[in-house]
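For what it's worth, our numbering labels the leading residue of the sequence shown as 30, then goes sequentially. We put the CB at the ideal spot given by N, CA and C, even for glycine. These numbers come from a predicted model, not from an experiment. Report on one structure; see the data block that follows.
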Amino acid sequence: MKTILEMVMAFLCVIGIATILWIVLGWTVRPVFGSSAVVLIPAKGDGNQLEAQLMGLSWLRAMGLIQGEVILYDEGLTKKGREVALHLALRWQWVSCCPSGMLEEWMVHRDT
Numbered sequence: 030m031k032t033i034l035e036m037v038m039a040f041l042c043v044i045g046i047a048t049i050l051w052i053v054l055g056w057t058v059r060p061v062f063g064s065s066a067v068v069l070i071p072a073k074g075d076g077n078q079l080e081a082q083l084m085g086l087s088w089l090r091a092m093g094l095i096q097g098e099v100i101l102y103d104e105g106l107t108k109k110g111r112e113v114a115l116h117l118a119l120r121w122q123w124v125s126c127c128p129s130g131m132l133e134e135w136m137v138h139r140d141t
């Protein structure tokens with residue numbers, strides 16, 4: 030009986046240490062509070078995955094893990110893809126669309 034109790038205690042200690050290490054690792058790779066990030070998403074084709082990507086970022090924003098804006102960069106969107114991207118930019122105020130070949134200008138004017 031004593032051996033089983035020692036095994037259970039050892040297991041709980043290992044789980045506790047792993048949990049503490051996981052929390053410390055999470056805090057070390059988490060973005061600094063108050064700093065905002067610019068997320069650049071290359072948009073191609075019909076933009077089928079754009080909404081799913083933005084939903085994931087929306088979840089991270091709601092949890093307070095990231096701040097800042099998302100730029101959907103046109104890397105060959107079709108007409109339907111441009112409509113999807115513009116619809117998503119209208120849906121969320123933190124999303125904007127950048128035309129193809131204008132990324133450098135877009136980033137310079139965004140900061141001013």
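Residue pairing of Asp103 in beta bridges, as defined by DSSP: Ala72. Annotation: Leu41 to Leu34 spans about 11 angstroms, alpha carbon to alpha carbon. By the CB criterion at 9 angstroms, Thr107 and Gly74 fall inside the cutoff.
With contacts defined as CB atoms closer than 9 angstroms, Ile95 and Cys127 fail to qualify as a contacting pair. In the assembly as shown, Leu50 is an exposed residue. Its beta-carbon has fewer than 16 other beta-carbons within 10 Å. Scanning its chain for C-beta atoms nearer than 7 angstroms, with the 5 sequence neighbours on each side dropped, one finds around Leu83 the residues Val99, Leu117, Trp121 and Val124, in chain order. As the crow flies, the alpha-carbon of Ala114 is around 11 angstroms from that of Ile70.
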